[in-house]
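J.: If you read the sequences in order, they're chains U and W. Sequential numbering from 40 applies to the first sequence in this note's numbering. Sequential numbering from 40 applies to the second sequence in this note's numbering. Dumping the structure here so I can ask a few things about it.
Number of protein chains: 2
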Amino acid sequence: MDYGLLIKNISKHISLTDEEMSYLTGLMLCRHVAKKQFLLKEGQVAKNISYVNSGALRAYYTDKDGNENIIMFAINDWWVTDIYSFTTGQPALLSIEAMENSMVYDLSKTNLEELFTTVPKFERFFRIIMQNSYVREQLRSIQNLSISAEERYINFVTKYPQFVQRVPQKQIASYLGITPEFLSAIRKKITSPRRPPDPAQAVPKGGL
Amino acid sequence: MDYGLLIKNISKHISLTDEEMSYLTGLMLCRHVAKKQFLLKEGQVAKNISYVNSGALRAYYTDKDGNENIIMFAINDWWVTDIYSFTTGQPALLSIEAMENSMVYDLSKTNLEELFTTVPKFERFFRIIMQNSYVREQLRSIQNLSISAEERYINFVTKYPQFVQRVPQKQIASYLGITPEFLSAIRKKITSPRRPPDPAQAVPKGGL
DNA sequence: GAAAAGAGTTAAGGTAGATTAAGAAATTAG
DNA sequence: CTAATTTCTTAATCTACCTTAACTCTTTTC
């Protein structure tokens, strides 16, 4: 059980004694989620907020026509839950599925409240996490309202190059709010004007 | 100077002694913003988070074609700022304009940090405010991705009837991410099928 | 209280992006 | 290694919503 990443993540915002660290980790539960398995399913109540130690997950909303709309990706060092359900206790609107074999540390709402009482500094930590999440969501709203799908794709590739390597294109389309067909058209338009042959393509995957 | 509403707002989430209350109000600055004046202009750094005591404001993003996209409304008992600028210290992307004569209490970032240090309970209060804002934004994202403009309008009217009374229709269109012309068409479609005459319409405004 | 400015409506024509369907390429499973 | 499944692409057709423009109604201004 390696809590190094988690501790580093938290230490960016507050400073912890060793006791506080082990008190925290004692309240968290390690969970493995195999690829295609769910961390949370729509309709369940989100009882935990989870820290992703390794792997990659996607949180998506399924609309009445059955289309999946990806709301967020979460990879190493991200926190993830259905924040609506976690906050209100209502059934989750989102499903959270592992796109790769993943390892997360769950922190239950009950344990989180206990943590807040015992070590109020954590209230600050989660204030910062929530505030940053709010900023991120608001920036995304602004983008969605004011720029075209093509620009959004270009921004996404610039901002999250790690995802582009790991996430199937149709999931990126879903995150951008467009169909895979249309993303394909965008990529063709962007890429094909005089693309030089990419030598990396010729090398078999897996390296040596 | 009446802090009643503000105190009530805060007491919903944490309990305060009289000293703590007056310490808080001592850190806040009352400001009147006349209709059509700005609480914040794009490009300025948001140095304050503001509690709206009375009036109504709108926060909007101006895109490169000069279109205004409303990101949020704020009326009595709401907190408002450009959270991105306030958090990062970068120039604001949003402008915040009073739609009615408004009275707000400003809390500067510096004073907020002092407040957190002196009365850590406020860290909890703002954690809750930020978390709720995050929930609200995420629900809005989900809606925008998955339902039609017509449904979004119906939901808006149901969720925020107070706004419908006070806010011009073109601003609601902007908030919904559509043009005023298209909202007009939606209203016609919704309203005209066999609308019974509304007796309230016949009564002159202002009542007696 | 007239003139100007703003808000709402209507209608014609245009476009970004959806849908459908089918084939090619890549992954996964057995 | 082959079959099955999933992902990506292409192209034709379609639609939700935009743009422009003209006209009406209301509100604001001096």
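Heads up, the beta-carbon is just placed ideally off N, CA and C, and yes, glycines get one too. Since the model is a prediction, treat every value here as computed from it, not as a measurement.
#1: For T64 of chain W, tell me which candidate among W:R163, W:S213, W:T120 and W:N150 has the shortest Cα-Cα distance.
#2: Would Q177 of chain W and E176 of chain U qualify as a contact pair, given that the criterion is a beta-carbon distance under 8 Å?
#3: CA-CA distance, K209 of chain U and S134 of chain W?
#4: Excluding the 5 residues flanking L154 of chain W on each side, which residues of the same chain have their C-beta closer than 7 Å to its C-beta?
#5: Per the DSSP calculation, F77 of chain U is bridged to which residue(s)?
#6: For V91 of chain W versus N115 of chain W, is the C-beta spacing smaller than 8 Å?
#7: With distance defined between alpha-carbon atoms, name the residue in U:Y99, U:H71, U:T56 and U:Y173 nearest to S89 of chain U.
#8: Starting from A212 of chain W, trace the alpha helix (DSSP H) in both directions and tell me its first and last residue.
#9: Can you name, in chain order, every residue of its own chain whose Cβ lies under 7 Å from the Cβ of I168 of chain W, other than the five neighbours on each side?
#10: Tell me which residues share the same chain as S180 of chain W and place their Cβ nearer than 8 Å to its Cβ, disregarding the 5 neighbours each side in the sequence.
#11: Considering only C-alpha positions, which residue in the set W:E220, W:I225, W:N183 and W:T156 is nearest to E189 of chain W?
#12: Is Q170 of chain U close to chain W? Criterion is C-beta to C-beta, closer than 8 Å.
#13: Y100 of chain U by DSSP, collapsed to three states: which one?
#14: What do you get for M111 of chain W, buried or exposed, if any count of 16 or more other CB atoms within 10 angstroms of its CB means buried?
#15: So does A113 of chain W have its beta carbon nearer than 7 Å to some heavy atom of the ligand GDP?
#16: Going along chain W in order, which residues have a C-beta closer than 7 Å to the C-beta of F165 of chain U?
#17: So if I threshold CB-CB distances at 9 Å, which residues from the stretch 176 to 209 of chain U count as touching chain W?
#18: Could you confirm whether any beta carbon from chain W is found closer than 8 Å to the beta carbon of K244 of chain U?
#19: Which residue from W:Y42, W:I49 and W:Q182 puts its Cα closest to that of F164 of chain W?
#20: State yes or no: is the beta carbon of L132 of chain W nearer than 8 Å to at least one beta carbon in chain U?
#21: What is the DSSP secondary structure of A224 of chain W, reduced to helix, strand or coil?
#22: Would you tell me roughly how many angstroms separate the C-alpha atoms of K198 of chain U and D41 of chain W, rounded to the nearest one?
#23: Between the stretch 76 to 85 of chain W and the stretch 49 to 58 of chain W, do three or more beta carbon pairs fall short of 8 Å?
#24: Using C-beta distances below 8 Å, list every residue in its chain close to G128 of chain U, excluding the 5 sequence neighbours before and after it, in chain order.
#25: If the cut is a Cβ gap below 8 Å, which residues of chain U does N3 of chain W touch?
#26: Based on DSSP bridge pairs, tell me the residues matched to Y8 of chain U.
#27: Below 8 Å on C-beta distance, what does F155 of chain U contact in chain W?
#28: Between T157 of chain W and E59 of chain W, what straight-line distance do the alpha-carbon atoms span, to the nearest angstrom?
#29: Where do the ends of the alpha helix (DSSP H) carrying L66 of chain U lie?
#30: Pull up the DSSP beta-bridge partners for M111 of chain W, would you.
#31: With 8 Å set as the bound, which would you pick, yes or no: does the beta-carbon of Y173 of chain U sit closer than that to a beta-carbon of chain W?
#32: Give me the residue from U:K51, U:L222 and U:A73 with the minimum Cα distance to E139 of chain U.
T.: Walking through what the data contain:
#1: W:N150
#2: yes
#3: 35 Å
#4: L63, L66 and F161
#5: Bridge partners of F77 of chain U: U:E136.
#6: yes
#7: For the residues U:Y99, U:H71, U:T56 and U:Y173, the minimum Cα distance to S89 of chain U belongs to U:H71.
#8: Q208 to L215
#9: W118
#10: Beyond the five residues adjoining it in sequence on each side, S180 of chain W comes within less than 8 Å, by CB distance, of no other residue in the same chain.
#11: W:I225
#12: At least one chain W Cβ lies under 8 Å of Q170 of chain U.
#13: strand
#14: buried
#15: Summarising the ligand content, the structure contains no ligands, and the ligand GDP is consequently not present.
#16: R166
#17: E176, Q177, L178, R179, S180, I181, N183, L184, S185 and I186
#18: Residue confidence is low: K244 of chain U scores 32 on pLDDT, short of 50, so the model does not pin down where it sits. No coordinate-derived value is stated.
#19: When C-alpha distances from F164 of chain W are compared across W:Y42, W:I49 and W:Q182, the shortest belongs to W:I49.
#20: yes
#21: helix
#22: 46 Å
#23: no
#24: V84
#25: Nothing about residue 3 of chain W can be reported from this structure: the residues present for chain W run from 40 to 247 only.
#26: Nothing about residue 8 of chain U can be read from this structure; chain U reaches only from 40 to 247.
#27: R163
#28: 9 Å
#29: D57 to L66
#30: W:A98
#31: Contact of Y173 of chain U with chain W is assigned, a C-beta pair being separated by under 8 Å.
#32: Checked all of U:K51, U:L222 and U:A73; the closest Cα to E139 of chain U is U:A73.
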